[in-house]
C-alpha cells in the first residue's frame with residue numbers, strides 16, 4: 002500500500018520522509034521479517050499489513066510523532082493494533098546490534114570536539130513582599146470631618 006508509493010520516490014526524498022536510507026530500511030525489513038517468522042511459528046493471525054508497511058508505519062511514528070489514532074486511521078486499523086505493531090517493531094529493532102547508537106566511550110574516543118551548554122532550570126521562588134498586617138495596613142485617621 003504505502004510502501005508501494007515510496008518505491009517511486011528518489012533516495013533523497015525517501016530519506017526525508019522516513020529518516021533512514023533505503024538500504025537501512027531494507028535491512029530493517031529483513032530483521033523484522035525474521036522476528037515475525039519466529040513469532041508466527043507459534044501460530045496466530047496473519048497481519049493485515051505487509052512487513053514493509055509496518056516498518057514504514059513505525060518510522061512514520063518515530064519521525065513525525067503522530068498519535069496512534071492518526072496513524073491507525075491512515076493505515077486502516079484499530080488504535081490498539083497500531084500500538085502493538087509499533088511496539089513490536091521498536092523492540093525488534095532495539096534488539097538488533099546493527100541499529101544501536103555508539104556508546105559514550107565511542108564518543109569519547111572520537112576526534113570531534115563537542116561543546117556542552119548547560120541551562121540552569123531549577124525552580125526558584127518569586128521575590129514578593131511578605132503579607133503582614135503591620136506594614137501593609139494603613140492607619141485609620143481619626144478626626145476627619
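Numbering (the numbering used here), first residue to last: 2 to 146.
The beta-carbon is built from N, C-alpha and C at its ideal position, and this holds for glycine as well.
Bear in mind that the values here come from a model prediction, so they are computed numbers and not experimental data.
Check: Beta-carbon gap between residue 69 and residue 87 smaller than 9 Å; Outcome: yes
Check: C-beta contact flag for residue 90 and residue 125 at 9 Å; Outcome: no
Check: Three-way DSSP call (helix, strand, coil) for residue 97 in this model; Outcome: coil
Check: Range covered by the alpha helix (DSSP H) that runs through residue 57; Outcome: 52-65
Check: Nearest-angstrom Cα separation, counted from residue 27 out to residue 11; Outcome: 15 Å
Check: Counted within 10 angstroms of its Cβ, other Cβ atoms place residue 22 as buried (16 or more) or exposed; Outcome: exposed
Check: C-beta contact flag for residue 73 and residue 82 at 9 Å; Outcome: yes
Check: Which listed residue (97, 48, 79 and 84) has its alpha carbon closest to that of residue 63; Outcome: 84
Check: Continuous alpha helix (DSSP H) stretch holding residue 28: start and end; Outcome: 23-41
Check: Under 9 Å between C-beta atoms of residue 32 and residue 94; Outcome: yes
Check: Cα-Cα separation, residue 46 to residue 77; Outcome: 17 Å
Check: Own chain partners of residue 50 with C-beta closer than 8 Å, once the 5 adjacent residues on each side are dropped; Outcome: 2, 58, 76, 78 and 86
Check: Environment of residue 121 [buried if 16+ CB atoms lie within 10 Å]; Outcome: exposed
Check: Assigned secondary structure, residue 46 (DSSP; H/G/I helix, E/B strand, else coil); Outcome: coil
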